[in-house]
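Which chain is which? The protein sequence lines are A and B, in order.
Once you know that position 90 of the first sequence is 90 in our numbering, the rest is easy, because the numbers rise by one and skip nothing.
To convert, take the position in the second sequence, counting from 1, and add 112; that gives our numbering.
Here the structure comes first, spelled out in structure tokens, and everything after it is commentary.
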Amino acid sequence: DAKTTQPPSMDCAEGRAANLPCNHSTISGNEYVYWYRQIHSQGPQYIIHGLKNNETNEMASLIITEDRKSSTLILPHATLRDTAVYYCIVRVVYSGNTPLVFGKGTRLSVIA
Amino acid sequence: GAVVSQHPSRVICKSGTSVKIECRSLDFQATTMFWYRQFPKKSLMLMATSNEGSKATYEQGVEKDKFLINHASLTLSTLTVTSAHPEDSSFYICSARDSFYEQYFGPGTRLTVT
């Protein structure tokens, strides 16, 4: 069963920030929040992950609420190439053979 | 970053034939690889977990005799779809786990069975 809840779809104007929410109210203390995206007909691409602190890299920022029950992925200046399905996944790292389990994700459409 | 390749990227085969898909970790060793399947407009579904030198572990509902997995080295896992049928047409994606337990994904293989 998916441990996260995401809106099925979102639109964003090109050049604007895209804010993608994710609820993970049952997250455990040792579970990280991971974000991947999948552009049509490609394999998933890692974006960012975090435990409890906000994180930023060259692709995006991850904001995790203080109670860790939800998070938001921020693409600061969305481009048409950011159109993809975005997956929020919670997982325990250093957990042996436990694979990433994908939910339905959010289909982000960036509009010119 | 870690790179995972898949070959072929797309394949068309006739019903009843077998198809082999290769998954390679190019710049790291992967004791564990995962195979996923994705139908149109659906999410990735885990098929099996492949461990180097041992038998694969299949998810419930996945036929181990139909989807043969071999993980003979630390950089190569293969998935063979035996006696393929049109309902096996799908997007197959492999993933390799590095020594830090991070997963990296291949670009996928689109299988079409006619």
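Every residue gets a Cβ at the ideal spot worked out from N, C-alpha and C, and that includes glycine.
Original post:
With contact counted as at least three CB pairs below 8 Å, one residue from each stretch, are the region 16-31 of chain A and the region 42-50 of chain A in contact?
Top reply: no
Original post:
If you draw a straight line from the alpha carbon of Lys126 of chain B to that of Ile181 of chain B, how long is it in whole angstroms?
Top reply: Distance between the alpha carbons of Lys126 of chain B and Ile181 of chain B is about 21 Å.
**OP:** Can you give me the start and stop residues for the beta strand (DSSP E) that Gly50 of chain A sits inside?
**Re:** Unbroken beta strand (DSSP E) run through Gly50 of chain A: 45-50.
Original post:
Between Thr161 of chain B and chain A, is there a C-beta pair that is closer than 8 Å?
Top reply: At a cut-off of 8 Å between beta-carbon atoms, Thr161 of chain B makes contact with chain A.
Subject >> Bounding residues of the beta strand (DSSP E) (the contiguous stretch that carries Tyr86 of chain A) >> reply: 84-92 is the extent of the beta strand (DSSP E) around Tyr86 of chain A.
**OP:** Select from the region 141-159 of chain B all residues with a C-beta closer than 7 Å to any C-beta belonging to chain A, and list them in chain order.
**Re:** Thr144, Phe146, Ser155, Leu156, Leu158
Subject >> Within-8 Å CB hit, Pro7 of chain A to chain B >> reply: no
**OP:** Kindly say whether Leu108 of chain A, judged by its beta-carbon, lies nearer than 8 Å to any beta-carbon of chain B.
**Re:** no
Subject >> DSSP three-state assignment for Arg68 of chain A, whether helix, strand or coil >> reply: coil
Subject >> Whole-angstrom C-beta distance between Asn23 of chain A and Ser70 of chain A, which should lie under 8 Å >> reply: 5 Å
Original post:
With 16 other CB atoms within 10 Å as the buried threshold, where does Gly217 of chain B fall?
Top reply: Position check: residue 217 of chain B holds Phe in this sequence, whereas Gly was assumed. Buried.
Original post:
Are Ser207 of chain B and Gln215 of chain B closer than 8 Å when you measure CB to CB?
Top reply: yes
Original post:
Are the C-beta atoms of Asp33 of chain A and some chain B residue less than 8 Å apart?
Top reply: Reading off the sequence, residue 33 of chain A comes out as Val, not Asp. Taking Cβ atoms only, chain B never reaches closer than 8 Å to Val33 of chain A, which makes this a no.
Original post:
Along the region 7-24 of chain A, what residues have a CB closer than 7 Å to any CB found in chain B?
Top reply: Those would be none; no residue qualifies.
Subject >> Met65 of chain B - containing beta strand (DSSP E), residue span >> reply: As displayed, chain B neither begins before 113 nor continues past 226, which places residue 65 of chain B out of reach and without an answer.
Original post:
Can you find a C-beta in chain A that's less than 8 Å from the C-beta of Ile133 of chain B?
Top reply: no
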